[in-house]
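As they're listed, the protein sequences go chains A and B. Residues in the first sequence are numbered consecutively from 5, following our numbering. Residues in the second sequence are numbered consecutively from 125, following our numbering.
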Amino acid sequence: MIQIINGLVYGSFLYVLAVGLVLIFGLRRVTNFAHGGFFMLGAYVSYAVAAYLGFWTGMVVSVAALAAFGVLLDRFVFRPLSSEEPIVTLLVTFGLLFVLEDAVRTIWGKNYISVAAPEALAGSVTIFGSQFPVYRLFVIAVAVTVALGLAIWLRSTRVGLYVRASSVDPVTTGMQGVDTDRLSALVVAIGTGLAGLSGTIAGPLMALSPSMGGYIIIDCFIVVVTGGLTSFTGAFVAALVIGQFHNLGLVYVPEVASVIPLLIMAVVLGLRPQGLAGAGK
Amino acid sequence: MIDSKRATILGLSAVVVSATLATSAWAQKEPLKIGVPTALTGTYSQLGDEAKRAVEFAVNEANAAGGVDGRKVEVRFLDTEAKPELARQQAEKLALDGYKIMTATIASGEVLAIGPMLNRWDAMFVATINKANDITGKQCQRRLFRVNRPDNSDAAVVQPWLATRSEAKWAIVAADIAWGRNSGESFSKAAAATGKTIVSENYPPFGSNDYAAHIQKVLDSGAQGVWIALAGRDAITFARQAKQFGLFDKVTTGGVSFTTDGTVKVLGDVVKGIHTIINYSSTLDTPGNKKLVADWAKAYPGDAPTNFQGETYLGMQVIFQAVKKAGSVKPADVAKAMSGGTFETILGTQVMRKEDNQLVGPNYFGTVEAVSGTLQPVVKMTVPAQAATPAPDGSCKL
């Protein structure tokens, strides 16, 4: 049972990172290769701020800084390139990833950094007779909060309605009087802000390094594609399924565990080419 | 006053003349070109950085002393990301550009990918960090040498330590790469030889993000001790997560390349009290090591060479002495001079065994403890060179 919870933790972590990609792809139709770089930058910003002002301030500043970065990204990269072929934007984001990695390497150096969990989350609780870290439960709580927050925002607010409409047909939505450029800036900001949030929660889980985004972004893309590219619900389900099978694979079939996410994606796309919750044609 | 001026002019002239002579001597002889295909990014980037610094230190030191065999030493680094295929490609580039004497690669798999190509490239390689037994075992090559302690040497150190332990049940967590598998197998053999039982074996993928499944398996197995063979980013990520699960508080923990000088610096109290194989320590009391530590502190104030830096520096010493002995920088000549040669190293006089091209040196075991307020691996047991370097098992056919 504890292993199921461990799978849930990894799935939750993947979801928080992947849903930012889903948001950006949904509105801008951009495969943002720099997302792993934003995740990494978020981890470093949070670490740097937390060293002086504590973990929670670090988290807030990281999310805000990355969201601000997202606004600039949308204004000066995505918007000017929106009329270009998708491959152009993809390559630009790929280049941006390297720029971010080198910038972080210059500022913080190449050496690994390890971050302790905040005092309030440093302990453990007993679950099914086993000691389980509170911090890991916090990761699940963050994912649930993000999922609920996004669902409420998208389903119950006017802006959420615009976002959903723009995801389906940005041209018609614009013709109805919605400022899709401002909407895009907002959505990209939320997407990169979520990358900052996932970077922050990754701090006490894994070693910080300029190339840390590369270790997680493949699983993240697998989640997005399996979920159906633009579907928030799909990404949530895919993240939990992939996290769970990946973890159980490590326990029962460790030899093939690393290919399990890819196998799940292949099976899902074989049965439903539009992904778990994709709209299809 | 005039005398003082004259003395100054004479002194400056002497410096200029010496520098000119040195430069002109360097100009007459082919430079010694060292190629370093190493992990400058990725999971082992910190290890690669450490190795790079040690190579640069040794090269600067040699050039400041007039070069090696009157030759200027030049070095070029290329990033391998610790990936065997990329390492082979980068090593080939270096060899084609004339950097045919190579060293300081991080992962064993990289060396095993480079080794078979050395004759074709007319190159040679000196392993300084790589532990897989096969490097000087069944995949040995005439132009492939190793100066660091192989896995079977680590096993020779672990066994006497394990014999002193009361824990009967042990678990293994090792990286799913050549070195990790080797280390796991060696620990299993040492456990069998000392009457211990292995109750859980875990080989997580290289570069994993989440070790919770493996940590939980160890906890559920009833193991009283765990042996860890993870390095670099993997070691740090595992240690942080294991601490959160209380693993280090519940079971005795030991490892290899897990609590190195570098990882201890990053992890601090998380790894206090963990037992570890120590292949090199800046605290070792030998004249050569004391000199290295003193010179290193002059070059990098407040810093001491780490285990990987000490091992890499030792490798550079062996290369320089072999070049001097060969009077040549041709890999074939240097390899010939290196095989069976005797070398003065920071750890004393050591012999490069001609049967398998393995340098015979001592090995150490210790614990992570505070020394003058700073945590570091502290040597508790020294195994002399002959005992620490098991005799060739016959699998190497040179």
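Glycine residues also receive a C-beta, built at the ideal position from the N, C-alpha and C atoms.
For residue i, which residues of its own chain have a beta-carbon under 6 Å away from its beta-carbon, when the five flanking residues on both sides are left out?
i	result
A/A193	A71, G74 and V75
A/T93	V34 and L85
B/M505	F489
B/E154	V453
A/F98	F37
A/K285	For A/K285, the pLDDT reaches just 49, beneath the cut-off of 50, and the residue's location in the model is therefore unreliable, although a value from the coordinates is still provided. Nothing listed; no residue qualifies.
B/S310	D275 and A279
B/A509	V484, G485 and P486
Residue i touches chain D at which residues, Cβ-Cβ below 8 Å?
i	result
A/N10	The question asks about chain D, but that chain is absent: this structure's protein chains are A and B.
Hey, quick one: how far does the beta strand (DSSP E) through residue i stretch, first residue to last?
i	result
B/P501	T498 to V507
B/K157	L156 to T162
B/E468	T466 to T469
B/P240	Per DSSP, B/P240 belongs to no beta strand (DSSP E) and is neither H nor E.
B/M248	M248 to A251
B/A206	No beta strand (DSSP E) contains B/A206, which DSSP labels as neither H nor E.
B/R477	G472 to R477
Measure the Cβ-Cβ separation of residue i and residue j and say whether it is below 8 Å.
i	j	result
A/V96	A/V81	yes
B/A314	B/S307	no
B/A512	B/R273	yes
A/G40	A/I226	no
B/G356	B/Q214	no
A/V138	A/L125	yes
B/S463	B/M476	yes
B/Q525	B/R270	Given a span of 125 to 522 for chain B in the structure shown, any question on residue 525 of chain B remains unanswerable.
B/V375	B/G349	yes
A/L254	B/A186	no
A/G46	A/A199	yes
A/I91	A/A211	no
B/Y404	B/G434	yes
B/T318	B/T384	no
B/I253	B/W294	no
Looking only at its own chain, which residues have a Cβ that is under 8 Å from the Cβ of residue i, when we skip the five neighbours before and after it?
i	result
B/E180	V199
B/V394	A363, R364, K367 and F372
B/L236	P208, A256, D258, I259, Q263 and A302
B/V507	A280, V281, P284, P486, N487, Y488 and F489
B/N243	Q265, R266 and R267
B/E479	P516, C520 and L522
B/T491	G397, I398, H399, T400, P501, V502 and K504
Tell me the residue span of the alpha helix (DSSP H) that contains residue i.
i	result
A/S170	R162 to V172
B/N276	D275 to A287
A/L273	I264 to L275
B/S332	Premise fails: B/S332 is in no alpha helix (DSSP H) and is neither H nor E.
B/E309	A302 to A317
B/K293	Note, B/K293: premise wrong, no alpha helix (DSSP H); beta strand (DSSP E) at K293 to A298.
A/V182	First-last for A/V182: undefined, no H or E at that position.
A/L70	F59 to L77
Expressed to the nearest angstrom, what Euclidean distance is found between the alpha-carbon atoms of residue i and residue j?
i	j	result
B/T229	B/L438	14 Å
A/W112	A/P277	42 Å
B/T473	B/Y424	27 Å
A/G247	A/S16	8 Å
A/L187	A/L165	11 Å
B/V342	A/V103	40 Å
A/G274	A/S160	34 Å
B/E493	B/S290	21 Å
A/V64	A/A55	14 Å
A/T176	B/G172	54 Å
B/P161	B/G233	13 Å
B/W529	B/Q340	Because chain B here runs from 125 to 522, residue 529 of chain B falls outside it and cannot be looked at.
B/M125	B/E216	Unreliable positioning characterises B/M125 in this predicted model, as indicated by a pLDDT of 42, which lies under 50. The coordinate reading is nonetheless provided below. Approximately 60 Å between the Cα atoms of the pair.
B/G378	B/K320	15 Å
A/R79	A/R32	12 Å
B/D344	A/P122	27 Å
A/R83	A/D185	8 Å
Go through its chain and collect everything with a Cβ distance to residue i's Cβ below 7 Å, but skip five positions before and after it.
i	result
A/V13	R140, V143 and I144
A/L2	The question about residue 2 of chain A has no answer, for chain A in this structure spans 5 to 285.
A/V272	T230, G279 and L280
B/V390	I360
B/K448	V192 and D193
B/G451	D193
Check: Three or more beta-carbon pairs under 8 Å between the segment 331–342 of chain B and the segment 303–311 of chain B, yes or no?
Finding: no
(message) Whether or not the segment 233–250 of chain A and the segment 87–104 of chain A are in contact is what I'm after, with contact meaning three or more pairs of Cβ atoms, one per stretch, closer than 8 Å; do they touch?
(response) no
message: Would you call the segment 397–404 of chain B in contact with the segment 147–167 of chain A, where contact means no fewer than 3 C-beta pairs closer than 8 Å?
response: no
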